[in-house]
Every structure is written in C-alpha cells, then in structure tokens.
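The block underneath contains the structure these notes are about, expressed in structure tokens.
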C-alpha cells in the first residue's frame, strides 16, 4: 500500500496535527484523526464541445472557482450530523443505530478486525470500483436514512449520497466515527455547474482522510494542501459512486474535474487531464431560464437526422474548435500573449454561432451575448443551452470600470452574475485561517 494507508491500530502513535484547527479529544477509535478538517472542491463549466460530445466529439471541461466547502468536526457524543445550509437541511443519526446496520449490502464488508487488513488501500479501491447499488440496496439505505414524509427529492439524494459514502468508506474502522459535517456551496444547484459532484468529492476526501485511508495533505504553516495523484484517484473513484447515487448514470466528467481541477478533455468516455492549462478570468452568468437538457439533446439529434449534410459538419467544426482551444492552451502555458486571448475570443464567438445553428440557443442567451459585446467582451452558452448559464472571457488588459459596467448591465437584465476564474485548483484541504470570513461563517453556522 502507499505510504498514507496503514491498518488502523497497527501501533503507530497518533500525531495530533494542529495545522487545521487543533486536536480535540474525541471518542475516535484507534488512530483516527481528531481535528477539524476543512475541504473544498470546484464546480465545472464546459468551455467547448457541449452537444457535440454526445456525438463522439471532443469536449473541454474546466474547473470553475466557485467552490463547495466542507467542515468535518469529530466529536464524541455518539451521533453523525449533516448540515446543508444552502438546502436548509439539518439531520442527525444515532451512531449506535448505524453501527448495528448490516452494511454488507454495500459490497465487501469491513467487519473483520482492521488490524488483519494489511492492504487497506487495495480494499478501499476495490470497494470504490464497485458497480452501482441495486434498487433493493438503495431501499435499505433509504430505511437507514429514515426520511420524513415531506422530504424533497433534492434533499433525499443529498442525504443518500452522504450516508452511502460515510458507511462505505468508514466501515473499515472498528467503530463508525462520530462527527458533524457542514457543506456550504457558492455554486447554484441544478444549473449544470457540477454542484452535486463537488459535494461528492468533498465528502469522499473528508471521509477518506478522517479514516486515514489517505493522509492529510496539509503541512503545518501552509494555507492549502493538495493530495498526490494516487490519493486523488481514490477520491475520484468514491466521488463517482456518490454521483451515481444522485444521478444514476453520470459521465464521470463532473467529479473528475472537481477532483483534479484545471481542464479536462472528454471524448467517448475517455477523460484526460490537460497539462498546465491557463487560469482564465471569466464572468459566469445564470440567465435563470429553466431548460430540459433531455429535450435539447433530443432536438439536436432530430436536426442531425433531418439535415445530416448540414449538421454533421457543424459537429465536426465544433470538434475543431475544441482542439484549437486545446492547442492555444498548450502555447499559453509557456507565455500567454494578447494574441492568444484574441484567438480564444474568436473561438468563443464561432462556437456560440454553431450552437445557435444546432438549435440550442435562447433569446436570453442572445441578450447576454449582445450586452457583453456592447462592452467589447465575448460570450457563449455553457452546458445544455436553451437558457441556463453563459460564460464571458475577461482579458487581462481590461480596466476595472469596464468589468463593473458589464456586470451591472447583466444584473439589470435580471441575470445572476459572478466574477470568477476557470482552470481552478481541484479538491483541497485548507487551514481555517486561510478561508474567507463569509465561508467560515457559513460553515460555522453563524
């Protein structure tokens, strides 16, 4: 096993690490960590290739620096608590009750004495690679969750993913850890920005760390810690399982972007990471116009069947846009120039026109593009289209008043607008002092 994984109870002394909020006495068994953990993970946007990706073309997905934050507080009062302030959810389960659950339905059991399980990391990887739960297994998990009658679907899925990851990862311990988890996000849910994946990634990283399946990457005196590639693989595998609880049959792109950060290329089920993509400043705009992804995808398919000679070249052309963008990113890694930004803007404009030709535009998105163009900025839809979100590239040479004026104009249209970046870092561990006050307040439930 890699250095971070050792069987709990193998006699290694416990090191209280003070970097992330000091050690607190808990009823944690064996060598489990006893400090507050603070984890964050980014959202995602599709930069180029939405819709074309359904037809085997390349898509570029980038990490969006609107982040989901998780705070894990170990304690000893025999409960596991989940607090999701964005959704207004506050739930707690009795450890004794969860401990009695027959969790064998989650796959290979961690019931044998952990000290005999030398190759812990292999067992965890094996469990993470499991196929999706059967409907019967999901029913058992629902029973364990004990939902109230008036529970919304949204709430149900968030809780199921939480319990699934908690029980699956933590049952390798002699006793389930007693802890409180708060998750708060800057991402609007249901906007195609990967908020559920960021949630699953944060949960997987926190549970794997608290159970010492992976080490805490935060070094004393540092603001932020990132895991090694090997540990990120494991986080990603578990996060994908959490995503399956929420979405049934996800592509795996959202959790991969949230885990690794930066930019990923996706084609026909294959995901690869771009080397050193540039961090680009953008505006993310939510038109707040609801859309059905399913209906939009079906619309493109029927247009392709009706006009193959017209639509197939459009998809090939979008593919070429993604590849050209990837090439430009490669050049920018060495030394970004103003010319690079001009090319990126041209690619954005061409892709937006192609998406309109595919029939996935919307009057609200046309308005968004016109408003930003009036300020000399270039925008396109991101994701399904038909409303939803758009992105606007902010060149580095822009003057502050220009950006503010653009944001004001978009807000005046009734849109939500965030100034943020893409190509953001993936899942990270934070020292408390390094988090912005609003984030700390949200996590502390103030």
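Residue numbers (the working numbering): 5 to 450. By construction, the Cβ of each residue, glycine as well, lies at the ideal position given by its N, Cα and C atoms.
Helix, strand or coil at residue i according to DSSP, with G and I counted as helix
i: residue 435; result: coil
i: residue 209; result: helix
i: residue 410; result: helix
i: residue 421; result: strand
i: residue 251; result: helix
i: residue 77; result: strand
i: residue 444; result: helix
i: residue 174; result: helix
i: residue 290; result: strand
i: residue 184; result: strand
i: residue 95; result: strand
Proximity below 8 Å, CB of residue i to CB of residue j
i: residue 383; j: residue 373; result: yes
i: residue 2; j: residue 183; result: With the chain covering only 5 through 450, there is no way to say anything about residue 2.
i: residue 301; j: residue 362; result: no
i: residue 64; j: residue 330; result: yes
i: residue 421; j: residue 287; result: yes
i: residue 251; j: residue 306; result: no
i: residue 84; j: residue 203; result: no
i: residue 66; j: residue 48; result: yes
i: residue 248; j: residue 62; result: no
i: residue 52; j: residue 325; result: yes
Close beta carbons around residue i, own chain, < 7 Å, minus the five adjacent residues each side
i: residue 91; result: 158, 159, 162
i: residue 167; result: 145, 148, 149
i: residue 344; result: 332, 335, 336
i: residue 205; result: 45, 239, 243, 259, 262, 263, 431
i: residue 399; result: 345
i: residue 358; result: 318, 321, 322
i: residue 409; result: 379
Residue i burial status per 10 Å Cβ neighbour count (16 or more: buried)
i: residue 240; result: buried
i: residue 320; result: exposed
i: residue 311; result: exposed
i: residue 284; result: buried
i: residue 99; result: buried
Residue i versus the options, residue with shortest Cα-Cα distance
i: residue 338; options: 317, 363, 280; result: 280
i: residue 178; options: 205, 144, 215; result: 215
i: residue 282; options: 435, 322, 72, 425; result: 425
i: residue 60; options: 322, 292, 207, 89; result: 322
i: residue 353; options: 43, 340, 342, 370; result: 370
i: residue 297; options: 75, 389, 224; result: 389
i: residue 41; options: 96, 67, 53, 79; result: 79
i: residue 70; options: 341, 429, 376; result: 429
i: residue 1; options: 154, 103, 164, 440; result: There is no way to answer for residue 1, as the model of the chain reaches only from 5 to 450.
Cβ neighbours of residue i in the same chain (closer than 8 Å, five flanking residues each side left out)
i: residue 116; result: Its pLDDT being 36, under 50, residue 116 is placed unreliably by the model, and nothing is read from it.
CB contact below 8 Å: residue i versus chain D
i: residue 354; result: Structure shown: chain D not included; a single protein chain is present.
Same chain, Cβ closer than 6 Å to residue i, five either side skipped, listed in chain order
i: residue 356; result: 384
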